[in-house]
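Chains as they are written, first to last, in UniProt numbering: chain A, 1 to 392; chain B, 1 to 392; chain C, 1 to 392; chain D, 1 to 392.
The block underneath contains the structure these notes are about, expressed in structure tokens.
4 protein chains.
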Amino acid sequence: MSEKIGIGVGMVGHAFMGRVHSQAWRSVGAFFDLPLAPRMAVLAGRSRERTSAAAAQLGWADVETDWRKLVERDDVQIVDICTPGDSHAEIAIAALEAGKHVICEKPLANTVAEAEAMVRAAAAAPGRNMVAFNYRRVPAIALARRYVEEGRLGEIRHVRAQYLQDWIVDPGFPLVWRLQKDKAGSGALGDIGAHIIDTAEYVTGQRVVGVSALTETFVKERPLAEDSAGLAATTGGAATGAVTVDDAALFIGRLSGGALASFEATRFATGRKNALRIELNGSLGSLAFDFEAMNELWVSEGDSGFARILVTEPGHPYAGAWWPPGHGLGYEHTFTHEIKDFLEAIAEDRDPAPSFADGLRVQQVLAAVERSAADASRYTVVQDASVVEDAS
Amino acid sequence: MSEKIGIGVGMVGHAFMGRVHSQAWRSVGAFFDLPLAPRMAVLAGRSRERTSAAAAQLGWADVETDWRKLVERDDVQIVDICTPGDSHAEIAIAALEAGKHVICEKPLANTVAEAEAMVRAAAAAPGRNMVAFNYRRVPAIALARRYVEEGRLGEIRHVRAQYLQDWIVDPGFPLVWRLQKDKAGSGALGDIGAHIIDTAEYVTGQRVVGVSALTETFVKERPLAEDSAGLAATTGGAATGAVTVDDAALFIGRLSGGALASFEATRFATGRKNALRIELNGSLGSLAFDFEAMNELWVSEGDSGFARILVTEPGHPYAGAWWPPGHGLGYEHTFTHEIKDFLEAIAEDRDPAPSFADGLRVQQVLAAVERSAADASRYTVVQDASVVEDAS
Amino acid sequence: MSEKIGIGVGMVGHAFMGRVHSQAWRSVGAFFDLPLAPRMAVLAGRSRERTSAAAAQLGWADVETDWRKLVERDDVQIVDICTPGDSHAEIAIAALEAGKHVICEKPLANTVAEAEAMVRAAAAAPGRNMVAFNYRRVPAIALARRYVEEGRLGEIRHVRAQYLQDWIVDPGFPLVWRLQKDKAGSGALGDIGAHIIDTAEYVTGQRVVGVSALTETFVKERPLAEDSAGLAATTGGAATGAVTVDDAALFIGRLSGGALASFEATRFATGRKNALRIELNGSLGSLAFDFEAMNELWVSEGDSGFARILVTEPGHPYAGAWWPPGHGLGYEHTFTHEIKDFLEAIAEDRDPAPSFADGLRVQQVLAAVERSAADASRYTVVQDASVVEDAS
Amino acid sequence: MSEKIGIGVGMVGHAFMGRVHSQAWRSVGAFFDLPLAPRMAVLAGRSRERTSAAAAQLGWADVETDWRKLVERDDVQIVDICTPGDSHAEIAIAALEAGKHVICEKPLANTVAEAEAMVRAAAAAPGRNMVAFNYRRVPAIALARRYVEEGRLGEIRHVRAQYLQDWIVDPGFPLVWRLQKDKAGSGALGDIGAHIIDTAEYVTGQRVVGVSALTETFVKERPLAEDSAGLAATTGGAATGAVTVDDAALFIGRLSGGALASFEATRFATGRKNALRIELNGSLGSLAFDFEAMNELWVSEGDSGFARILVTEPGHPYAGAWWPPGHGLGYEHTFTHEIKDFLEAIAEDRDPAPSFADGLRVQQVLAAVERSAADASRYTVVQDASVVEDAS
């Protein structure tokens, strides 16, 4: 270990994503034989007090209260962006221009234009870039792709992908930043819909080439949250503010290889906590996955019925680095795998997958979904409702 | 039993649907305390030899080789139509005009116009009418509707309904009548898509008011089947013929009560044999069903997780008539329940649900799906594919 | 059909078992190409009124109020015994001596001695005999045996079999005949434990050769039921009576082929309705089954994980006679299959499996379980409880 | 954080258990607000080279090649024993006598006598002691205990506990230390059977008071492994050696509160990778758990069916420290929880549960199982096999 070249990491943001990225940086070296030894150099956040407390708990050596200082520090070679989407482009471009490698949370940006700028900046900079679609690093998802690549499912005909959560079902849930368009870009669509677009494209190796979409905001006003206080003024000081993003997005489409696909992202699926689900049907076989049981991949080949494969065998993606068969992994491991792959790509001087270009690709699909959903002419009315009676 | 009024039944068709309807007519009186005692009077089919053999095996007292004779017999009060969709309208209208009660297999017809004619004929006739959407009579589906009606799920926000089969995945599977537009009207859409439309509307009590759709025929030519021999001429005597219906249909839409819904019907879902699946998410709870495990309903209320309810308790719909808890029912029981409900409706001189009007309602949705799928302008292209690289 | 030789059936008893046997006799000819055409000739019960009503509903042509008359009727060639265990031996022996074929509900008898007498009577008589372990005729169970026979699981090392119900958990549930030793012989042990003994032996092809057992009666007094009124006198006219059978039986043992096995039968497994479960582990593979999902067999071969096989394919046992793949069967079908096999055995002049000899074999295991459970010396006390503290 | 009192940890052994304990020591402070800040001070192993490499990878500051030196270092206040069972007593007693706190892997020892000596040493020493039954710290298992404690299941009647693995099914798998009695004490019994005994007692709050047992060694000779080379001499230098422990252990018993229990531990359950399964039935409800889906607890209360509870809610045991609902944990987290609880107990100057006394308690059950299994008189032969024919 001692002869390994160290590489300094600076992370921006220390909320949910910052906590899980920290665990990944802290653990990755104990399980994978890395080409570079990451050092958790510096953490940036707005409040010195809260950032210092977070750094102490999460294991970062130093803190900054201005991310611009972080991206220019000499002891930082990798910038890890864990902030809301509205700051991704600015931070990433600055970091790239400072010669750093950049890993950025998803969605890559809040608009296609921002994402394009990031891709251009990456192309012009020496650093490597990655967008953190962590679900690609679920061993079961990586194994699913392997099945497709090896042709075991044949020609893929159907993809149905859903990302179902229920954390804002309660109308009393406050107007947090993820429900504000200026910070989050979109709602369920960009937050979790982006994941299933990337997952579907990753697993099938095909691109979404066209869509037809519906979106909806079920709860249109919500109590202000601490971080939405600024919105109070815009609503006349009232106790509630407008939800400016979608609660749910639904779309069907075609993939570049000829498959039909359906997608659904919602935060209103009562009882579903983090159900990123994908099912593929090919001419030779099928597979199904649900992140709520993340160590399982269900595969049907030939006439054998769907088999539950515990993706914990030594030969399964990433799994050999951990525990014996049947000893499952958790959510955070997907980030550990992601960082391991990023470090390897940096050492080999290539961009990892998914890179910013992949992030842009997803952003384009998100934009197409929004265009389709906004255009009422794309929707076919069944019939004047008066002709037949109510469903009975 | 002896004092019950008998009622004569004549059935047209003795293939798959005829066999299962026969089992229902034969069994219903042993389990339900019926107001009318059905007599299996006469079976109609084209070949006297095959029809006679079927009648002997299935328990019908007499046979006819012309359905017109059947609908005019005095010992027939109920006409049960188990033929392909292209003959439904003609037989049903003749039976209604002859004063008979009519139960007709689904889809009600091959076109909206035919279905409308049937509804008009029914309105003008003394007999009662029913369309055989048998899945409404799965105890778990009926229990699902009860949950919605009682408000236990709150306001319904999401419906996702799929009907997945795989019996024509093999390109060598022949061109049977269900793959010919003139006989079947449509493919997966009318055959199994019709079921999930009706099921979604029945369970939610809402109507599909608009859709956006895609359809596809994956295998465009198939070997001729025995009953597709006539097509040989049209293809120059060749050994194959064109598949003239959809292999799969996908659509999203809105329901009259504000829910977002997605539907998918396909015969290319490898490993899925008869997976009529429906999942509902409401503001207070959710439920999920898969016909491949037809005795189970999964329900989540409050924060309790999804519970597997074995729908075999005495208080569950239809279940009390059968066996003790945990002793499940099978596919054919849904037809027995349907016929029990039809006989009760006849005795009470009212139309049962689903009536022909419900069949027409589904037909209108099918037609809207076809219109949408045929109109390329309703589809949003993501972006010129050359801009970004392939998914990696 | 018309040229088939008819065979008259007389059934004794018309409660739960009588109802399901009737459905089997009524349906079997419509689905299987039988060598003999069963006629539902006569039903015997104690009350003329109730028996006549049952016959009318269930489709029996005539009634008797004395089973002795039924077994001597010329129009009866098969006697079907659906009474509690205390009358099995007497009826079966009389029927055999009258030259009839006999199918008898399980357990074969209430004691080994009775069962031995039945086997002797069968050996001396011309008629064929069958004991109604219907779960052998679940397609998934028959398929499980096929897997073992074909060697696909290798050498069987482990069997774990459970039959879990919960219908007497409530202490207010009355003292029905199944809770009275003189009528039922034993409790959960003979009623449902008998089924898992037979199922384990059938699937593995091995015999239980030794056991170590525990039994328990959790609720020792219960309110009198209608049919336990006679017990009131013995308890001084009080409103409750003693439960004289086991509520639960647990045993481990060895099978003749070297497997270790565990068995558990209980009516106190809250939430389990009819969970006849069996799991086998062999040197090459494993399988698992739960009757609550009776159309599914879970199979693991090689390193493939457990696959859910829907046992509804044309090539699966019995399944080809019914519906297309994925259209499941119910509880009653196991009896239809049983009767089909019985009729074939009669036509071929051989005893079917399971015959009375198999019933005796199970009875011997039941007796060994009772002997073991009654012998406290077979039990190893862990240690004086004072030495260590309570589990914490 | 900075004001927290540090506490030095020394760990003995760096194989599987050492790796997972290291990850726990490394991570615990980032997620839990600890009263003491653990320092990973020193790692002991036999080979300096391998121990140094392990220390570098796993994050230990220093190494020793003699555990005796480790237990006497001033910078070590906690000794963490991750060696095979044959050295537990010696190391633990020395550490206790040196005034250290001790956490020891399970089973506590290889014999009851050793375990008793450890309990005596612990009673005489100032340090705190814990035995590492990590499965108590699965959130779902801890939640299960909460259900029982709160009385939601009523009086517990049944426990069925299994620990099923398959890693030695292949007869070519070598004779590793876990298959040698002198090192491991027993086979599946002590290794995984110990876990289900502790889990059953922990969840129910009852003790195993008596048992009846069977054990078996299916594969009696195996190729020598690297660490079994010493055995070669005893078998004359041959390439194989005798397996001296059980491959599987099966027992039934009674718990102190009146429940009936069955236990099974095996390494021959093909297709089961790490299936620690437990099912409880109480008078009011039931629950079921399988470690292969470790984030799920299945609960049935009243007549609601079994509900799958994702044990990832903020109010669930340990879960609030980690990720949002639906973002599951993995195997290693159970150790992190264990160490958090140990540190809290040390800070509060009390022994945690499970302490060495609990380890002794489990050891006594293991010993009773071995006594029972060794005594053929405790086993009831069914009947001379010649009386009836083979199962058919």
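Here a beta-carbon is modelled for each residue, glycine too, at the ideal position from N, C-alpha and C.
Taking C-beta separations shorter than 6 Å and ignoring five residues to either side along the sequence, the partners of C:R137 in its chain run T334, H337 and E338, following chain order. With fewer than 16 other CB atoms across the displayed protein chains lying within 10 angstroms of its CB, B:S47 is exposed.
Inter-residue distance for B:L297 and A:S87 is about 45 Å (C-alpha atoms, whole angstroms). In this structure, DSSP gives A:H14 a state outside helix and strand, which the three-state scheme calls coil. Interface flag for C:K106 against chain B is unset, since no Cβ pair is found closer than 7 Å. Across the structure, C:K100 and C:V20 are spaced so that their CA atoms are roughly 21 Å apart. DSSP, reduced to helix, strand and coil, places C:R178 within a helical segment of the structure shown. Taken atom to atom, the span from the alpha-carbon of B:A41 to that of B:V382 is near 60 Å. Within 10 angstroms of the beta-carbon of B:S286 lie 16 or more other beta-carbons, which makes it buried.
Collapsing the DSSP output to three states places C:S186 in coil. Counting C-beta pairs closer than 8 Å gives three or more between the segment 111-127 of chain D and the segment 352-360 of chain D, which meets the contact rule. Under the Cβ criterion (8 Å, minimum of three pairs), the segment 266-281 of chain D counts as touching the segment 181-197 of chain D. Judged by DSSP secondary structure, A:Y163 falls within the beta strand (DSSP E) whose first and last residues are I156 to L164.
Closest in alpha carbon position to A:K4, among A:P35, A:A15, A:M17 and A:E279, is A:P35.
Residue pairing of C:T240 in beta bridges, as defined by DSSP: C:P223. Boundaries of the alpha helix (DSSP H) harbouring B:R120: V112 to A124, taken from the DSSP string. At least one CB of chain B lies nearer than 7 Å to the CB of A:I252. For the pair C:A92 and C:V76, the CB atoms are not nearer than the 7 Å cut-off. Per the C-alpha coordinates, the member of A:I81, A:A56, A:A140 and A:A124 positioned closest to A:P314 is A:A140. Note that the segment 269-282 of chain B does not touch the segment 237-247 of chain B; fewer than 3 beta-carbon pairs, one per stretch, sit closer than 8 Å. Neighbours of A:S212 across chain C, judged by C-beta separation under 9 Å, do not exist; the nearest C-beta is about 29 Å away. The Cβ of A:A307 sits closer than 7 Å to at least one Cβ of chain C. Cβ proximity to chain D below 8 Å picks out A307, R308, I309, L310 and E313 from the segment 307-322 of chain B. Leaving aside the five residues that flank B:P38 on each side, the residues in its chain whose CB is nearer than 6 Å to its CB run, in chain order, I7, V9 and W25. Chain-ordered listing is empty here: chain B has no CB closer than 8 Å to the CB of C:R50, the nearest sitting near 13 Å. Pairing B:K181 with B:T244 gives a Cβ-Cβ distance under 7 Å. D:A98 has a beta carbon lying at 7 Å or more from every beta carbon in chain A. Of all residues in the segment 326-338 of chain C, the ones placed with a Cβ closer than 9 Å to any Cβ belonging to chain B are G326, H327, G328, L329, G330, Y331, E332 and H333, in chain order. Take A:G328, set aside five residues on each side of it, and the residues of its chain with a beta-carbon closer than 7 Å to its own are N295 and T312, in chain order. Interface flag for D:S355 against chain B is unset, since no Cβ pair is found closer than 7 Å. A contact between stretches requires three or more CB pairs, one per stretch, nearer than 8 Å, and the segment 162-176 of chain A meets this requirement with the segment 216-228 of chain A. Beta-bridge annotation (DSSP): A:D86 is not paired with any residue. A check of alpha carbon separations from D:A30 across A:F31, A:D33, A:S22 and A:A30 identifies A:S22 as the nearest.
V20, S22, Q23, R26, S27, G29, A30, F31 and D33: these are the residues of the segment 20-40 of chain D whose beta carbon lies less than 9 Å from some beta carbon of chain A, given in chain order. Taking C-beta atoms as the reference points, A:A261 and A:L255 count as a pair closer than 7 Å.
Ranked by Cα distance from D:H14, the options D:Y331, D:L58 and D:A188 are led by D:L58.
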